[in-house]
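Student: Structure provided below as structure tokens; questions to follow.
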Amino acid sequence: MSPDLNSLPPSVFGEAPAEAPRPANGGEQPNILYIMADQLAAPQLKMYNPDSQIKTPNLDRLAASAVQFDSAYCPSPLCAPSRMSMITGLLPMKIGAFDNASQISSEIPTYAHYLRAKGYHAALAGKMHFVGDQLHGYEQRLTSDIYPADFGWAVNWDEPDTRLEWYHNASSILQAGPCGRSNQLDYDEEVMYKSTQYLWDHVREGPKKRPFCLTVSLTHPHDPYTITKKYWNLYEDVDINLPKVRIPKDELDTHSKRLMKVCDLWDQDFTDDQIKRAKRAYYGSVSYVDDCIGRLLETLDDAGLADNTIVIFSGDHGDMLGERGLWYKMSYFESSVRVPLLVNYPKWFEPHRVSKNVSTLDILPTVCDLVGTKPSPYLPMDGVSMLPHLQGKEGHDEVFAEYTGEGTVRPLFMIRRGPWKYITCPADEPQLFNLARDPDELDNLARFRKIEPKTPEEQEAKEKFDQMKAEADARWDYDAITAEVFHSQRRRRVVWDALKLGSFTSWDFNPEDDGRQKYIRSTIPLDDLERRARFPFVDIYGAELKSSVVNSTRGG
1 MSPDLNSLPP SVFGEAPAEA PRPANGGEQP NILYIMADQL AAPQLKMYNP
51 DSQIKTPNLD RLAASAVQFD SAYCPSPLCA PSRMSMITGL LPMKIGAFDN
101 ASQISSEIPT YAHYLRAKGY HAALAGKMHF VGDQLHGYEQ RLTSDIYPAD
151 FGWAVNWDEP DTRLEWYHNA SSILQAGPCG RSNQLDYDEE VMYKSTQYLW
201 DHVREGPKKR PFCLTVSLTH PHDPYTITKK YWNLYEDVDI NLPKVRIPKD
251 ELDTHSKRLM KVCDLWDQDF TDDQIKRAKR AYYGSVSYVD DCIGRLLETL
301 DDAGLADNTI VIFSGDHGDM LGERGLWYKM SYFESSVRVP LLVNYPKWFE
351 PHRVSKNVST LDILPTVCDL VGTKPSPYLP MDGVSMLPHL QGKEGHDEVF
401 AEYTGEGTVR PLFMIRRGPW KYITCPADEP QLFNLARDPD ELDNLARFRK
451 IEPKTPEEQE AKEKFDQMKA EADARWDYDA ITAEVFHSQR RRRVVWDALK
501 LGSFTSWDFN PEDDGRQKYI RSTIPLDDLE RRARFPFVDI YGAELKSSVV
551 NSTRGG
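Have a look at this one:
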């Protein structure tokens, strides 16, 4: 007999915090629907920016009844490292999530493991960019990934001036515009079909079903910047705003200069029309994501799941969208590193806004609190529960981020606390911004480390720089991390070069889809099949049943 994981001692999974809300009168545990968008810049959204031109009615309605985090950040401004940190609650350097071809160990617990141990069915539909292990605790994966699960996208710091041919380039801007169909639309439509089908299958399982945690991870609005005419035409009469901050290339910081070169943008001078077309397609893609959110919320309503489902919405990182001349992500400027974050469950949490700095690292311990468990006290955890914030109490106000992907040649780190943002890299000049006074990040206050401050504000900046520099130097061993990144890149190149020779065995996930067990089959009584697949349930005379007493259609 399998062990009862819910009865394991607190030393393994921890106890529920006393202040965590619990289902009343022994009621059902809440389900969790976690919706992710890829490359969705928080500063571009209407719920954060009243001047936004993007049309997101479903997201705005969700935010109106949610706890909205106004200063949420990703732990790394790159797809895979950000996601690996999010699912584990650990910063990238602690788990070896160095770039988009990094493989984290299967022995590291994720939120899926903790939820399964609490009796949840943990499922994933869509992108997660796993390399190697394709489940990492999820009991069921409904789709394959849109990106490769191998070492083919590894970074090479040994050749810092060589541009990676497979990486972002100017084509996303030069070719921006409407389409009839695209690779990303094919993918997200499959994700949406499988996700809504999962919700319907769940509600038809009957009264003994487990609570679910369904993660729906869309690839939009990630570039290339193209979307169907339906969404492109939403902005036909909109004079798309040009980037607010424009900086000559030779005045950019060194990391931004490298990013422009690695993305093949350095020699490009985009016209205003090209920029507007790229942004228009991005806006349309965000509106497509908004429609997907609406479809999921509508399914929750129609299936009778809405009242007992916590809805979380966030993203993996943002997109610069031409600000400072930059596109895509990979930097610590706000449009790249800041992400949307909503937690919607009015049954427990009154709608309000949180201004403190939080991270998607914090999702794992928060979800654990919400379901009545905790991460193991014997394992490291960088994430901090946002439960106090959800309850309207004082909570933490700091974020750490790490980056070792494309465009840098040494580890790049960020500390965000209060109004301050500190950025440091052994290869670059440090940066310090006070976002309360300088939201566009135009005034690098790190200059006061070299010149005498003349005002109280300048003196404060100097003291803050000294303090945060000392903190960063104590937290990160730059040389040791650099060496480990080099070792990892070199090991993966050796393995990948060998695997490409001869017969190649893919690591990509191939979801099971057994057509023999679906729809009408001779081995299943037809009338019974139709009745069990119908929702709401009916008896043999067509009268609607008030309780779920019909067996599931899963498995035939």
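The sequence shown begins at 1 in the UniProt record's numbering and counts up by one.
Each residue gets a CB set at the ideal place from its N, CA and C atoms; glycine is no exception.
Let me confirm a value: Q103 is counted as buried when at least 16 other C-beta atoms fall within 10 Å, else exposed. Which label applies?
Tutor: As a position in the sequence shown, residue 103 is number 103, starting the count at 1. Buried is the call here.
Student: Is the region 87-96 touching the region 50-68 in the sense that three or more CB pairs, one from each, lie closer than 8 Å?
Tutor: No, they do not touch.
Student: Which complete alpha helix (DSSP H) runs does the region 427-476 hold, if anything under 4 residues is left out?
Tutor: For the region 427-476, whole alpha helix (DSSP H) runs of length 4 or above, ordered along the chain, are 456-475.
Student: Run the CB neighbour count on P77, radius 10 Å, all protein chains shown included, and call it buried at 16 or more, exposed below.
Tutor: On the sequence shown, residue 77 is found 77 positions in, with the first residue counted as 1. Answer is buried; the Cβ neighbour count reaches 16.
Student: Is DSSP giving T226 helix, strand or coil here?
Tutor: The residue you call residue 226 lines up with position 226 of the sequence shown. T226: strand per DSSP, three-state reduction.
Student: Run through the region 372-433 for me and flag every whole beta strand (DSSP E) of 3 or more residues, listed as ranges in chain order.
Tutor: Runs of the beta strand (DSSP E) inside the region 372-433: 398-403, 412-417, 420-424.
Student: Could you tell me whether the region 35-51 touches the region 390-399, where touching means 3 or more Cβ pairs closer than 8 Å?
Tutor: Counting Cβ pairs under 8 Å, fewer than three are found: no touch.
Student: For a test of the three-state rule: what should DSSP assign to L326, helix, strand or coil?
Tutor: Against the sequence shown, residue 326 aligns to sequence position 326. Correct three-state label for L326: coil.
Student: Can you confirm whether the region 153-167 touches the region 200-212 when touching is taken to mean that 3 or more C-beta pairs between the two stretches lie within less than 8 Å?
Tutor: Output reads no: the region 153-167 does not touch the region 200-212.
Student: Any idea if H255 is buried or exposed, counting beta-carbon neighbours within 10 angstroms, 16 or more meaning buried?
Tutor: For this step, residue 255 is matched to residue 255 along the sequence shown. H255 comes out buried.
Student: Assuming G126 is part of the beta strand (DSSP E), what are its boundary residues?
Tutor: Residue mapping note: residue 126 aligns to position 126 of the sequence shown, counting from 1. That run of the beta strand (DSSP E) goes 121-126.
Student: Taking a contact to mean a Cβ-Cβ separation below 8 Å, would you say P221 touches V286 in this structure?
Tutor: In the sequence shown, the residue the question calls residue 221 occupies position 221. In the sequence shown, the residue the question calls residue 286 occupies position 286. In contact: P221 and V286 (Cβ atoms closer than 8 Å).
Student: Going by DSSP, which residues form a beta bridge with P77?
Tutor: The residue you call residue 77 lines up with position 77 of the sequence shown. Answer is none; P77 lacks a bridge partner.
Student: For M320, report the span of its alpha helix (DSSP H) as first-last.
Tutor: By one-based count along the sequence shown, residue 320 stands at place 320. Unbroken run through M320: none, as it is neither H nor E.
Student: Whose C-alpha, out of E205, C79, L199, S195, is nearest the C-alpha of H168?
Tutor: Here residue 168 refers to the residue found at position 168 of the sequence shown. Looking at the Cα atoms, C79 is the closest of the given residues.
Student: Which stretch, first to last residue, makes up the beta strand (DSSP E) that contains R492?
Tutor: Position 492 of the sequence shown, counted from the first residue, corresponds to residue 492. Looking at the DSSP string, R492 is not in any beta strand (DSSP E); the run it does join, the alpha helix (DSSP H), is 478-499.
Student: To the nearest angstrom, report how far apart N25 and V371 are at their CA atoms.
Tutor: Stepping through the sequence shown from its first residue, residue 25 is reached at position 25. Stepping through the sequence shown from its first residue, residue 371 is reached at position 371. Here N25 scores only 49 on pLDDT, less than 50, and its place in the model is too uncertain to base an answer on.
Student: Can you grab the Cα-Cα spacing for the pair E429 / V409, in whole Å?
Tutor: Along the sequence shown, one-based indexing puts residue 429 at 429. Along the sequence shown, one-based indexing puts residue 409 at 409. Computed Cα separation, rounded: 13 Å.
Student: What is the rounded straight-line gap between the Cα of D188 and the Cα of M36?
Tutor: Position 188 of the sequence shown, counted from the first residue, corresponds to residue 188. Position 36 of the sequence shown, counted from the first residue, corresponds to residue 36. Near 12 Å, if we compare the C-alpha coordinates of M36 and D188.
Student: Could you check what DSSP says for V245 in three-state terms: helix, strand or coil?
Tutor: Translated into positions along the sequence shown, residue 245 becomes position 245. Coil.
Student: Measuring alpha carbon to alpha carbon, tell me which residue in F98, D513, A472 is nearest E484.
Tutor: The residue you call residue 484 lines up with position 484 of the sequence shown. That would be F98, whose Cα lies nearest to the Cα of E484.
Student: Tell me whether E165 is buried or exposed, calling it buried when 16 or more other Cβ atoms sit within 10 Å of its Cβ.
Tutor: In the sequence shown, the residue the question calls residue 165 occupies position 165. Label assigned to E165: exposed.
Student: In angstroms, rounded to a whole number, what distance separates the CA positions of V550 and R417?
Tutor: For the purposes of this step, residue 550 is taken as the residue at position 550 of the sequence shown. For the purposes of this step, residue 417 is taken as the residue at position 417 of the sequence shown. With a pLDDT of 49 at V550, under the threshold of 50, the modelled position of this residue cannot be trusted; read the value that follows with caution. So the two alpha carbons sit approximately 53 Å from each other.
Student: Please give the ranges of any alpha helix (DSSP H) in the region 166-213, keeping only runs that are unbroken, at least 4 residues long and fully inside the region.
Tutor: Counting only runs of 4 or more, we get 171-174, 183-203.
Student: Determine the closest residue to A177 out of Q134, K118, R204, K229, with distance taken between C-alpha atoms.
Tutor: Here the question's residue 177 lines up with position 177 in the sequence shown. According to the sequence as given, residue 177 is Gly; it is not Ala. Among Q134, K118, R204, K229, the Cα nearest to that of G177 belongs to K229.
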